[in-house]
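When we follow full-length UniProt numbering, the leftmost residue of the sequence shown carries the number 1, and every step to the right adds one. Here's the structure we're looking at; comments come further down.
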Amino acid sequence: MITSTKEQSFKVIYQETFEKLRRTLRSLNNSELIHDALQEAYLKLWIKWDELEDPKNCLPFLYFYARTYALKRLARDIRRDLLESELFPDGNIAHAGLELEFKEFHAQMDRVINRLPEKRREVYRLFKEEGLSYKSIAERLQISSKTVDSHLTKASKAIKIEICAVYEITSKAITLIFLLTAFAV
């Protein structure tokens, strides 16, 4: 089997940068998170390979994606912990049950998001899931930043209303849950 130049170059870069990148992340003291962040960074490198001006000088690129992934994941874990402490202040929680509840909640969120109008859904996902700025979304979709803001406001409102109805909870509770879980990685 003949490997492509891209694959060979990627392999060389991987071998040259992996240890450096891993060492920069070791302060996380979480081997699973470090592994996932590295995997995500190298996956992004592979995906964006053709867009890079100089793939051989990609350590800053890799560091940025690994760091961003790790920070988002840590933020998600903190939000989850805050939500757990808010919903179960006495600490009486069946962890497996909570994980199931979170999965069900996220599945419901996905269903609600999928029912949004196409452009609104696209704007929402670009902002929440890909972390793009209003300006980046506006440029990508060739719409104004005000339109991006309008789509996000309407999407958030629709999601909040539907989730409140499904779970029969107050707007205040859904705001807390929405803020703590909507940005999960």
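The C-beta atom is built at its ideal place from N, Cα and C for all residues, glycine as well.
Just confirm the distance between the C-beta atoms of Phe145 and Lys135, as a whole number of angstroms; I'd bet it's less than 8 Å.
-> Checking the displayed sequence, the identity of residue 145 turns out to be Ser instead of Phe. Contact between Ser145 and Lys135 holds: CB atoms are separated by about 6 Å, below the 8 Å threshold.
With DSSP collapsed to three states, give me the class of Cys164.
-> Helix at Cys164.
Using only alpha-carbon positions, find the residue among Asn114, Pro117, Leu152 and Ile113 that is nearest to Leu132.
-> That would be Leu152, whose Cα lies nearest to the Cα of Leu132.
Could you check the C-alpha separation between Val12 and Asp54 for me, to the nearest Å?
-> About 14 Å.
In three-state terms, what does DSSP make of Leu132?
-> Coil at Leu132, not helix or strand.
Would you give the residue range spanned by the alpha helix (DSSP H) that Arg115 belongs to?
-> Here Arg115 belongs to no alpha helix (DSSP H), and DSSP marks it neither H nor E.
Taking DSSP as the reference, what is the three-state secondary structure of Asn57?
-> Reduced to three states, the DSSP call for Asn57 is helix.
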